[in-house]
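Participant: Going by the numbering used here, the first residue of the sequence shown is number 107, and it counts up by one from there. Glycine is no exception: its CB is placed at the ideal position from the N, C-alpha and C atoms.
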Amino acid sequence: SKLRIDIQITVPADTYTKNDSINYRYHKKRAAYLAVIASHLKDLNTIEDLKYSWLNRCETKPVLDFKPAGKLGNFVSVRINLVCEQEAYKLHRFSPSRNNLRESWLLSLDNSESNTEIGPPTPYYNNSVLMDLTASENEEYLKEILLKSENLKQAVILLKIWLRQRNLQVSGHIVSMLVAYLVQSKRINNIMSSYQIIRNVWIAIKTSEWDTKGISLHKGDDSPQLQEFLQHFPVVFLDRTGYYNVCWQMCKGTYDALRRECAFSVEMLDNGKINSFIPLFMTPVRPLLQFDHILRFRAFSKVKQSVICTVSSHARVNYGLDELALVTDTLHALLTKGLGDRVTLILQLVEADLSWPVRINLEKARKEFKENLSFGIILNPERCFNVVEKGPPANLPEAEEFRAFWGEKSELRRFQDGSITEACVWDAENSVEQRGVTRQIIDYLMKLKYQLEPSELFHVGWQLDSLLERKVQHSSGCSERSLATLQALDALRRQLRQLTQLPLNISGLHGTSPVFSYTEPLPPLALGPQTKPWRRANCCLIKDSDIDPFVPPYTPVSKAIIELG
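#1: Rounded to the nearest angstrom, how far is the Cβ of Ile483 from that of Ile452, given a contact under 8 Å?
#2: How long is the line joining the alpha carbons of Pro620 and Gly320, rounded to whole angstroms?
#3: Taking DSSP as the reference, what is the three-state secondary structure of Asn424?
#4: Based on DSSP bridge pairs, tell me the residues matched to Gly359.
#5: Using DSSP's beta-bridge definition, name the partner residues of Gly614.
#6: By how many angstroms is the C-alpha of Lys254 removed from the C-alpha of Asp549?
#7: Determine the DSSP secondary structure at Glu477, reduced to helix, strand or coil.
#8: Do you know whose CA, among Pro560, Leu589, Gln114, lies nearest Val409's CA?
#9: Among the candidates Pro627, Asp596, Pro629, Phe622, whose CA atom is the shortest distance from the CA of Gly614?
#10: Leaving out five residues before and five after Val566 in sequence, what residues of the same chain have Cβ atoms less than 6 Å from its Cβ?
#11: In whole angstroms, what is the alpha-carbon distance linking Lys124 and Tyr231?
#12: Should Gln569 go down as buried or exposed, given a rule of 16 or more other Cβ atoms within 10 Å for buried?
#13: How many Å lie between Pro118 and Asn187 at the Cα?
#14: Could you please give the first and the last residue of the uninterrupted alpha helix (DSSP H) stretch that includes Phe511?
#15: Give the straight-line distance between the Cα atoms of Phe564 and Tyr556, rounded to the nearest whole angstrom.
#16: Please report the Cβ distance between Val391 and Lys312, rounded to the nearest whole angstrom; I am assuming they are in contact, meaning their Cβ atoms lie under 8 Å.
#17: Using only the alpha-carbon positions, how far apart do Leu156 and Arg472 sit?
#18: What does DSSP give as the partner residues of Val456 in its beta bridges?
#19: By the 10 Å Cβ neighbour count, where 16 or more other Cβ atoms means buried, how is Val285 classified, buried or exposed?
#20: To the nearest whole angstrom, what separates the beta carbons of Gly513 and Leu554, a pair I think is in contact under 8 Å?
#21: Going by DSSP, which residues form a beta bridge with Thr116?
#22: Would you decide whether Val169 is buried or exposed? Buried here means 16 or more other CB atoms lie within 10 Å of its CB.
#23: Decide if Tyr660 is buried, meaning its Cβ has at least 16 other Cβ atoms within 10 Å, or exposed.
#24: Shortest alpha-carbon distance to Glu504 belongs to which of Ala529, Asn296, Glu488, Lys167?
#25: Enumerate in chain order the residues of its own chain whose CB-to-CB distance from Ser300 is below 7 Å, with the five nearest sequence positions on each side excluded.
#26: Go ahead and label Met388 buried or exposed: buried means 16 or more other beta carbons lie within 10 angstroms of its beta carbon, across all protein chains shown.
#27: Given a cut-off of 8 Å, decide if Leu430 and Glu488 are closer than it, judged by their beta-carbon atoms.
#28: Which word fits Lys177, buried or exposed, when buried means at least 16 other C-beta atoms lie within 10 angstroms of its C-beta?
#29: How many Å lie between Gly326 and Ile280 at the Cα?
#30: Note down, one range per segment and in chain order, each alpha helix (DSSP H) of at least 4 residues found wholly within the segment 336-405.
#31: If I measure Cβ to Cβ from Val538 and keep anything under 6 Å in the same chain, skipping five residues before and after, which residues do I get?
#32: Note down, in chain order, each residue of its chain lying with its Cβ closer than 6 Å to the Cβ of Arg136, except the 5 sequence neighbours on either side.
#33: Curious, which full-length alpha helix (DSSP H) runs of at least 4 residues does the segment 517-564 contain?
#34: Nearest by alpha-carbon distance to Asn492: which of Val543, Gly671, Gly446 is it?
#35: Compare the beta carbon distance of Ala323 and Leu344 with 8 Å and say whether it is the shorter of the two.
#36: Keeping to the same chain, check which residues put their C-beta closer than 7 Å to that of Asn351; ignore five residues upstream and five downstream.
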């Protein structure tokens, strides 16, 4: 990939007025300022491929991308981003509990921007402005920290490469801020090697609690408390000012995936038997190899519209014009609640990297662009095959919430331990159908909440099951066939132990074939007794075959070891 140079241009504070902080006026002026810069650059002969794109997939944060003309353009690209002087606004105007986006204006209930009605908090919108207001101060702080040590800079570069190979939607700015935080808290220092720095960063993320406690680079009591941010954001990491949440765009699934990958990376580093550099920094992780189950939508535009029409007006006001983030977080929350402990990770896979030449209208570029959203799911092998979803007892207030969430699928059941609770029972008679319980839950919830038919969803994860099916009548699943083989071994073990005339007693019978550990893809089927065997030679009984009289039919063998003592 090319080396990208980021250029940050600071817009003077007097460009904006006091009321530009509400209803996307700030963003409109920012876009207009960027368009003026583009108008001066588009006719230059020294640059090529001048185009707009979105910063971190945020539609309200356009940037300019181009490359130098000539051979240099094969190796280098340039991105221009606009920020604002911090003096333009007082930061407390964008505290997470403040409203800066009027509901009546956003939902077209009142076209007048002079409406003074104050609505619900808009922390997502507020941080889209704070991102620019605090950029200069945070960049100066990063320079102060990172320029002191060459090893720190090398570690940050390697961490960004690692994030790219892991396909994690985490910006390099977050990594740089985290390294600065660890330097400030004295968990890493300038004399450490890049290897030690990277390892400590991974350990810090693996053991972090940004979703429940949060962290902050700010020292002082003149900013909102962490608890106030935790009420509005799934992940909290505050910058130097104490007002801007660096992880304001990070979904809970991304944070869970980040911690998971850090744990794997530390484990790989500590394994002295392998060269961990190649799998960590040079091998890309493909979603098809990373997840057990991938959910895709055949018509995402319909899904997007269904979700937007269903969510509350407060959620729409918070996310504003960033509808993709609203849909992503809403669907992720639904899948997380519905699948529960059946899964260990649900990660959103967003395909929305739109860029278009400056000479082309945005509306025209949108028509040719197709955004998509998928969810990668890693199953919990201990719980994912359960056909019963046990809820709270019927006499508790949580039971009403359970019934409201699951709809008609919820029913009152009595269990063997005597408890009477709400429960959902899914259709699965054998192991093959049990592997489809996750798919059943997703299909049901999408139909119940957003009126999406199962035919509008595409599940990746069960396509290879057909290769394991036996082309015989009444064929069961792999687990059932493996269990039948184990039961046959147990029956043989009991019969052998009844033999009393042997010189040595049989103390044990242990299966050694893969089928006895449930790892045989095609377990053997049981064969019926041979009623009319033919005697061949003097010591072997081989079934006669009409197909080939010289070659006996193949009979798979399951091996076991007899232990005498």
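Facilitator: So, from the listed chains and residues:
#1: By one-based count along the sequence shown, residue 483 stands at place 377. By one-based count along the sequence shown, residue 452 stands at place 346. Their Cβ separation, rounded to whole angstroms, is 5 Å, which keeps Ile483 and Ile452 in contact under 8 Å.
#2: Walking along the sequence shown from the start, residue 620 turns up at place 514. Walking along the sequence shown from the start, residue 320 turns up at place 214. Straight-line Cα distance between these residues: approximately 47 Å.
#3: As a working note, residue 424 is residue 318 in the sequence shown. Asn424: helix per DSSP, three-state reduction.
#4: Position 253 of the sequence shown, counted from the first residue, corresponds to residue 359. According to DSSP, Gly359 bridges with nothing at all.
#5: Working through the sequence shown from its first residue, we reach residue 614 at position 508. Beta-bridge pairing by DSSP links Gly614 to Glu669.
#6: Against the sequence shown, residue 549 aligns to sequence position 443. Against the sequence shown, residue 254 aligns to sequence position 148. Those two C-alpha atoms are separated by around 54 Å.
#7: The count along the sequence shown starts at 1 and reaches residue 477 at position 371. In this structure, Glu477 counts as coil in the three-state DSSP scheme.
#8: The residue labelled residue 409 in the question sits at position 303 within the sequence shown. Cα-wise, what sits closest to Val409 is Pro560.
#9: Your numbering for residue 614 matches position 508 in the sequence shown. Cα-wise, what sits closest to Gly614 is Asp596.
#10: As a first step, residue 566 must be located in the sequence shown, where it is residue number 460. Once the five neighbours on either side are set aside, the close Cβ partners of Val566 are Ile400.
#11: As a first step, residue 124 is located in the sequence shown; it is residue number 18 there, counting from the start. As a first step, residue 231 is located in the sequence shown; it is residue number 125 there, counting from the start. Answer to the nearest angstrom: the Cα atoms are 17 Å apart.
#12: The residue given as residue 569 occupies position 463 in the sequence shown. Label assigned to Gln569: exposed.
#13: Numbered from its first residue, the sequence shown carries residue 118 at position 12. Numbered from its first residue, the sequence shown carries residue 187 at position 81. Those two C-alpha atoms are separated by around 14 Å.
#14: Taking the first residue of the sequence shown as position 1, residue 511 is located at position 405. Where Phe511 is concerned, the enclosing alpha helix (DSSP H) stretches over 503-512.
#15: Position 458 of the sequence shown, counted from the first residue, corresponds to residue 564. Position 450 of the sequence shown, counted from the first residue, corresponds to residue 556. Rounded to whole angstroms, Phe564 to Tyr556 spans 16 Å at the Cα level.
#16: Start at 1 with the first residue of the sequence shown, and residue 391 comes out as number 285. Start at 1 with the first residue of the sequence shown, and residue 312 comes out as number 206. Between Lys312 and Val391 the Cβ distance is about 17 Å, and since that is not below 8 Å, they are no contact.
#17: One-based indexing of the sequence shown puts residue 156 at position 50. One-based indexing of the sequence shown puts residue 472 at position 366. Between the C-alpha atoms of Leu156 and Arg472 there is a straight-line separation of about 18 Å.
#18: The residue you call residue 456 lines up with position 350 of the sequence shown. According to DSSP, Val456 shares a beta bridge with Leu479.
#19: To locate residue 285, count along the sequence shown from 1; it is residue 179. Burial call: buried.
#20: The residue labelled residue 513 in the question sits at position 407 within the sequence shown. The residue labelled residue 554 in the question sits at position 448 within the sequence shown. Going by Cβ atoms, the distance from Gly513 to Leu554 rounds to 5 Å, so yes, they are a contact pair.
#21: Numbered from its first residue, the sequence shown carries residue 116 at position 10. According to DSSP, which records beta bridges pairwise, Thr116 is partnered with Val189.
#22: Position 63 of the sequence shown, counted from the start, is the residue given in the question as residue 169. Buried, because 16 or more other Cβ atoms sit within 10 Å of the Cβ of Val169.
#23: As a first step, residue 660 is located in the sequence shown; it is residue number 554 there, counting from the start. A residue is called buried once 16 or more other Cβ atoms fall within 10 Å of its Cβ, and Tyr660, having fewer, is exposed.
#24: The count along the sequence shown starts at 1 and reaches residue 504 at position 398. Selection Ala529, Asn296, Glu488, Lys167 evaluated against Glu504 yields Ala529 as nearest (Cα-Cα).
#25: The residue given as residue 300 occupies position 194 in the sequence shown. The residues are Asn257, Gln260, Ala261, Leu264.
#26: The sequence position of residue 388 within the sequence shown is 282, counting from 1. By the C-beta density criterion, Met388 is exposed, having fewer than 16 other C-beta atoms within 10 angstroms.
#27: Translated into the one-based positions of the sequence shown, residue 488 becomes position 382. Translated into the one-based positions of the sequence shown, residue 430 becomes position 324. Their beta carbons are not under 8 Å apart, which means Glu488 does not touch Leu430 by this criterion.
#28: Working through the sequence shown from its first residue, we reach residue 177 at position 71. Lys177 should be labelled exposed.
#29: As a first step, residue 326 is located in the sequence shown; it is residue number 220 there, counting from the start. As a first step, residue 280 is located in the sequence shown; it is residue number 174 there, counting from the start. Roughly 22 Å separates the two Cα atoms.
#30: Entirely contained in the segment 336-405, the alpha helix (DSSP H) runs reaching 4 residues are, in chain order, 358-375, 393-396.
#31: Within the sequence shown, residue 538 is the residue found at index 432, counting from 1. Short of 6 Å from the beta carbon of Val538, and not among the five residues preceding or following it, lie these beta carbons of its own chain, in chain order: Gly583.
#32: Indexing the sequence shown from 1 puts residue 136 at position 30. Cβ neighbours of Arg136 beyond the five flanking positions: Leu188.
#33: Taken in chain order, the whole alpha helix (DSSP H) runs of length 4 or more contained in the segment 517-564 are 537-540, 543-556.
#34: Within the sequence shown, the letter at position 386 stands for residue 492. Among Val543, Gly671, Gly446, the Cα nearest to that of Asn492 is on Val543.
#35: In the sequence shown, the residue the question calls residue 323 occupies position 217. In the sequence shown, the residue the question calls residue 344 occupies position 238. First, the amino acid is wrong: residue 323 is Leu here, not Ala. In this structure, Leu344 lies closer than 8 Å to Leu323 by Cβ.
#36: Locating residue 351 in the sequence shown gives position 245, counting from the first residue. Leaving aside the five residues that flank Asn351 on each side, the residues in its chain whose CB is nearer than 7 Å to its CB run, in chain order, Asn233, Phe335, Phe339, Val342, Phe343, Leu344.
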